[in-house]
Amino acid sequence: NAGVMQNPRHLVRRRGQEARLRCSPMKGHSHVYWYRQLPEEGLKFMVYLQKENIIDESGMPKERFSAEFPKEGPSILRIQQVVRGDSAAYFCASSLDRGSEAFFGQGTRLTVV
Amino acid sequence: GQQLNQSPQSMFIQEGEDVSMNCTSSSIFNTWLWYKQEPGEGPVLLIALYKAGELTSNGRLTAQFGITRKDSFLNISASIPSDVGIYFCAGFNYGGSQGNLIFGKGTKLSVKP
Numbered sequence: 011n012a013g014v015m016q017n018p019r020h021l022v023r024r025r026g027q028e029a030r031l032r033c034s035p036m037k038g039h040s041h042v043y044w045y046r047q048l049p050e051e052g053l054k055f056m057v058y059l060q061k062e063n064i065i066d067e068s069g070m071p072k073e074r075f076s077a078e079f080p081k082e083g084p085s086i087l088r089i090q091q092v093v094r095g096d097s098a099a100y101f102c103a104s105s106l107d108r109g110s111e112a113f114f115g116q117g118t119r120l121t122v123v
Numbered sequence: 006g007q008q009l010n011q012s013p014q015s016m017f018i019q020e021g022e023d024v025s026m027n028c029t030s031s032s033i034f035n036t037w038l039w040y041k042q043e044p045g046e047g048p049v050l051l052i053a054l055y056k057a058g059e060l061t062s063n064g065r066l067t068a069q070f071g072i073t074r075k076d077s078f079l080n081i082s083a084s085i086p087s088d089v090g091i092y093f094c095a096g097f098n099y100g101g102s103q104g105n106l107i108f109g110k111g112t113k114l115s116v117k118p
């Protein structure tokens, strides 16, 4: 009964490259949330998806960031043309239903050099 | 957007003391969740609350969903050194077509043996 799996755990990218962060929800969960966290700060909501649909993307920057949750496979958070300010920990969580318990993965720590 | 006000921001207590922290909002929430995060890890779900007035315990932890649905508190009794970490409240408001799980800024707990 695996939990939420995120990979990679650590990702280093040069400025201008693309970063792809993967999140496999818990078995049976169809709701995925993505968050960004800077050191010593809280979790900032980015996007909420339910299989193939974006429910709420009010926390996503308008440019360079996109997210998807295809019918098959993990949810992907994609950051194009990364900049130093994108360096952060990115967490995803999944839940069975809308508004039910959400469980987090271990996060992906992105470092842009 | 919706805001969760979590207090206190940090606490320094002696081992064996009880701890109380709370979250308030100007909006009504349908679900309240409490998490603990340790350095380098993802948040771990401690308690989930779904009904106004609900009081739920998990070992030495007790949390309540406020009657107004705009607040929640978490108590930790007889603290021990391994309680150290950052505690986050999170609320889900799924009214209408949107809705996401938003977080308070966290309470950093330090326990002196």
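Going down the list, the protein sequences come from chains R and E. Residues 11 to 123, numbered by my numbering, are exactly what the first sequence covers, in order. Residues 6 to 118, numbered by my numbering, are exactly what the second sequence covers, in order. Just so it is clear, CB atoms sit at the ideal spot from N, CA and C, and this is done for glycine as well. Nothing here was measured: the structure is a model prediction, and the numbers come from that model.
Less than 8 Å divides the Cβ of E:Val116 from the Cβ of E:Pro86. For E:Pro13, no CB of chain R lies under 8 Å from its own CB, so it is not counted at the interface with that chain.
Interface flag for E:Asn105 against chain R is set, since a Cβ pair is found closer than 8 Å. Here R:Ser40 carries a coil assignment [DSSP, helix/strand/coil].
For E:Gln14, there is no enclosing beta strand (DSSP E), as DSSP gives it neither H nor E. Interface residue (Cβ-Cβ distance to chain E less than 8 Å): R:Ala112 is classified as such. Unbroken beta strand (DSSP E) runs of no fewer than 3 residues, entirely contained in the segment 69-96 of chain E, are found at 76-81, following chain order. With a threshold of 16 other beta carbon atoms within 10 Å, E:Phe17 falls short and is exposed. Scanning chain R for C-beta atoms nearer than 7 Å to the C-beta of E:Lys110 yields Gly52, reported in chain order.
Annotation for E:Gly21: Ala83, Ser84 place their beta carbon closer than 7 Å to its own, counting only its chain and skipping 5 residues before and after. Straight across, the Cα-Cα distance linking R:Tyr43 with E:Pro118 is about 37 Å. Counting along the chain, R:Asn63 sits inside the beta strand (DSSP E) bounded by residues 63-66. DSSP places R:Glu78 in the uninterrupted beta strand (DSSP E) bounded by 75-78. Chain-order list of chain R residues neighbouring E:Glu46: Gln116, by C-beta distance under 7 Å. Beta-bridge partners assigned by DSSP to R:Val92: none are found.
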